[in-house]
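Below you'll find the structure, written out as structure tokens, and then a few comments.
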Amino acid sequence: MTRGAGASADAIDVHATAVAIEGRALLLRGPSGSGKSDLALRLVDGGARLIGDDRVRIERRGTALWALTPPDIPEALRHKIEIRGIGIASLPGLAEAPLILAVDLVPGPAPERLPAAQNCHYLGVALPLIALDPFTASAAAKLRLAVKLGPGSIIPPP
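Mapping of the sequence shown onto my numbering: residues 808 to 965, in sequence order.
See below:
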């Protein structure tokens with residue numbers, strides 16, 4: 808996490824990819840090669856909009872977090888994504904959206920069936936956090952459903 812150009816105490820730039828589904832943003836987190844762009848591409852193919860690939864600004868507005876395209880990214884590079892093996896592509900984009908979920912991309916063994924609720928924190932604000940294998944066939948569908956259902960709609964484990 809860094810304070811990018813123009814960032815303040817209420818904003819931070821993070822190495823992540825953000826997409827908006829139905830106007831609400833998901834933050835896809837993981838190291839290079841973990842599947843952030845691949846999963847974002849599948850989500851955009853299903854109607855999501857790209858906010859930022861590889862770098863996203865998170866801004867605190869009151870008690871809410873927002874995901875934004877970093878303002879120092881030139882217009883010619885906004886809403887572009889690297890598609891490995893193909894090149895750089897322009898995708899339907901959105902400048903900003905309220906951030907509702909962080910997703911840690913963890914390829915490999917299946918995650919717990921009913922994990923305990925987790926949060927991560929940015930700028931002093933808690934953000935729900937889940938772990939997901941981005942390369943499973945159902946990864947994009949799971950995230951679309953999580954957004955559609957909204958916070959508190961999924962029954963937590965006992």
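Positions of the beta carbon are idealized from the N, C-alpha and C atoms, including for glycine.
Helix, strand or coil at residue i according to DSSP, with G and I counted as helix
i, result
"L930", "coil"
"S897", "strand"
"A816", "coil"
"V913", "coil"
"P965", "Residue placement at P965 is poorly supported in this model, since its pLDDT is 49, which falls under 50; the coordinates are not used for a value here."
Closest Cα partner of residue i within the set the options
i, options, result
"E889", "I937, G869, G853 and G840", "G840"
"P935", "I828, L833 and A904", "L833"
"I858", "D820, I819 and G900", "G900"
"R868", "Y929, A823 and H886", "Y929"
"R951", "A847, R862 and A883", "A847"
"L872", "D845, I895, A816 and T943", "A816"
"K955", "H822, T824, E829 and A825", "E829"
"V863", "R849, T943, R885 and D845", "R885"
"A827", "T870, P905 and F942", "P905"
Cross-strand partners of residue i (DSSP beta bridge)
i, result
"P905", "W873"
"L833", "V826 and L908"
"P935", "N926"
Residue range of the alpha helix (DSSP H) that includes residue i
i, result
"A953", "A946 to L956"
Jot down the residue ranges of each uninterrupted beta strand (DSSP E) in the segment 843-892, minimum 3 residues, whole runs only, in chain order. 856-859, 863-868, 871-875 and 887-890
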